Amino acid sequence: MAAAEIGGFAAARMAAPALRPAAPPAPAAAAAPPQLRRAVAARSLRTVAAETVTADLAGGTNGALHAQMNSEATTEITSLAVTANSRRKTKIVCTIGPSTNTREMIWKLAETGMNVARLNMSHGDHQSHKKVIDLVKEYNAQNTDGNVIAIMLDTKGPEVRSGDVPEPIMLKEGQEFNFTIKRGVSTEDTVSVNYDDFISDVEVGDILLVDGGMMSLAVKAKSADTVKCEVVDGGELKSRRHLNVRGKSATLPSITEKDWEDIKFGVENGVDFYAVSFVKDAKVIHELKDYLKGANADIHVIPKIESADSIPNLQSIIAASDGAMVARGDLGAELPIEDVPLLQAEIVQTCRSMEKPVIVATNMLESMINHPTPTRAEVSDIAIAVREGADAIMLSGETAHGKYPLKAVKVMHTVALRTESSLYNSTTSPGLIAPAQALYSEEFSPSQLSKMFGSHSTMMANTLRTPIIVFTQTGSMAVLLSHYRPSSTIFAFTNEERVKQRLALYQGVIPIHMQFSDDAEETFSRAISSLLVRPRARKFHC
């Protein structure tokens, strides 16, 4: 099955086995409205001989396109279809850190299953991140088997943190402990915080969470420069620990001065995505997109949904963005923890309804930072995210500084693949099929036409268990097909390098860069030939 978006028109094509019986002749169709006849030119599939398979490409205003493939190539495509149905479709985002920032480890992560390399700007400096960017680009340039690694820069955001302490402070339940906005304070009962408005943001009775809830303190009183607390859940307080107020977001701007420097660094080095921390409303997304437009930078913006203020504005934030990340760590710190699974499902569904990619992140294999096998609850967590329809699932500390980064990626790969195998049913039609009345309308938009091709291509591919090949200059048709969640792989050919990189995040899409010919038949034939010689396209792998 092939779908195309070339020169602004959509098309769908099926590669049928050579010996499939010819379909009985269809009855004469009623005359279609003039506009429809101009927009869609389609012919029935037919078999002409054992040596050749003939198929017509349902075209647009450019007319129907005709192709022939010999029986040997058709056999290869049938084999490819079996392999494509066995690929993992949910993508894996890996955070790169001290455990994985070498050439050897980045290559191994890519071969094990990484699809997106995440740079956490809360750690490291521009020099260390530049090294990782260059290594990922080197891998992409040298790799010839179709594996593409996108680069995501994750901003630090307006984090409130405790100050430096010469050695860890042991906090015990019932103990009095203070936080002050005075700089450089570190005693047994008082430490500094890095946020001058901390005093005005908290109120007596608030619960302060350290590191997302590893420790908690109740606010008992406050003065002009100090918040006085009582320890509720104790532990070891180390330097620069993350602080949250349960149910509240800090009144800091979502993009700090450091973030803007990091964003500029991302523009200069051609990253593919920004993950923006602590987004509260759509205004910050518009601000960043305006900046990127002015810088002529084609970088997509993924807001991290992790603050209490973001939930009431969820629809507008995602509508303004290019996707979303469910950042469950801070989300579970600022809101009741029992709400997190429900919010995760809501965010995933909202993104799916808007045809935006969604990443589920945080604590997915947390135990594998120190242990070679996951907990059974973590395995279930991955499966739930896959079943809900996430485009990608993310590893943070597991690959950044964990002891078993490759094993963590392998576990995520195998669990996602096994879960996906239970989801797809060839008799199930895609979720958002274009309304039938659009076929008979005198007026219908290009997007409706694309949805018709996308939905029906998906149904045909599911029934025939064949991969889908899409030709796209903008990525839009590949994104639409991904949204319909076909049971087999979408091989997306594009002549735009930036589009190829972005499509690496989308569920079920294998992006491939290829120059297009003015002759669509030649483009199609070159695409088939390139698939048949790609090792990754011919083996059961990610």
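Numbering (UniProt numbering), first residue to last: 1 to 542.
Where a beta carbon is used, it is the ideal one built from N, C-alpha and C, also for glycine.
Fair warning: this is a prediction, and the values are worked out from it, not measured in the lab.
Does DSSP put residue i in a helix, a strand or coil?
| i | result |
| --- | --- |
| G235 | strand |
| P34 | Low confidence applies to P34: its pLDDT is 36, below 50, so where it sits in the model is not reliable, and the reading given next is rough at best. In the structure shown, P34 sits in a helix (DSSP, three-state: H, G or I). |
| T256 | coil |
| M114 | coil |
| S122 | coil |
| S307 | coil |
| L171 | strand |
| S186 | strand |
| K289 | helix |
| T95 | strand |
| A333 | helix |
| E338 | helix |
| A377 | helix |
| A520 | helix |
| Y424 | coil |
| D197 | coil |
| G454 | helix |
| V132 | helix |
| K108 | helix |
| F265 | helix |
| R87 | coil |
Can residue i and residue j be called in contact, C-beta distance under 9 Å?
| i | j | result |
| --- | --- | --- |
| P303 | M325 | yes |
| L406 | L109 | yes |
| C229 | N178 | yes |
| P359 | G323 | One point to set straight first is that residue 359 is Ile, not Pro, in the sequence displayed. Result yes, Cβ atoms of I359 and G323 sit closer than 9 Å. |
| I469 | F516 | no |
| T474 | E496 | yes |
| S487 | Y424 | yes |
| M152 | R118 | yes |
| I199 | V227 | yes |
| D309 | C351 | no |
| D330 | S239 | no |
| Y404 | M368 | yes |
| P253 | P158 | yes |
| V411 | T373 | yes |
| I92 | H413 | yes |
| L503 | T494 | yes |
| S192 | G205 | no |
| T180 | D225 | yes |
With which residues is residue i paired in a DSSP beta bridge?
| i | result |
| --- | --- |
| S353 | Answer is none; S353 lacks a bridge partner. |
| V227 | F179 and K222 |
| L209 | S216 and N244 |
| H513 | T494 |
| F273 | M152 and H300 |
| R161 | H242 |
| S192 | T180 |
| A327 | A361 |
Going straight from the alpha carbon of residue i to that of residue j, what length do you get?
| i | j | result |
| --- | --- | --- |
| K130 | D272 | 14 Å |
| A520 | D211 | 55 Å |
| L217 | R246 | 11 Å |
| S99 | T463 | 44 Å |
| S316 | V533 | 44 Å |
| E306 | Y506 | 22 Å |
| M114 | I149 | 7 Å |
| E366 | E398 | 6 Å |
| S249 | G146 | 42 Å |
| G266 | L292 | 10 Å |
| S447 | L480 | 10 Å |
| N296 | A320 | 18 Å |
| A141 | V509 | 19 Å |
| R485 | R87 | 13 Å |
| L208 | D339 | 18 Å |
| D298 | S223 | 48 Å |
| V386 | W107 | 25 Å |
| E257 | K283 | 17 Å |
| E104 | N120 | 20 Å |
| R526 | F471 | 12 Å |
| T362 | S529 | 40 Å |
| A81 | F491 | Residue placement at A81 is flagged as unreliable, the pLDDT there being 47, under the threshold of 50; a coordinate-derived value is accordingly withheld. |
| K356 | I318 | 8 Å |
| D154 | G332 | 19 Å |
| P168 | V219 | 21 Å |
In the region 382-411, which residue ranges form an unbroken beta strand (DSSP E) of at least 3 residues, counting only runs that do not cross its ends? Here the runs fully enclosed are 392-395.
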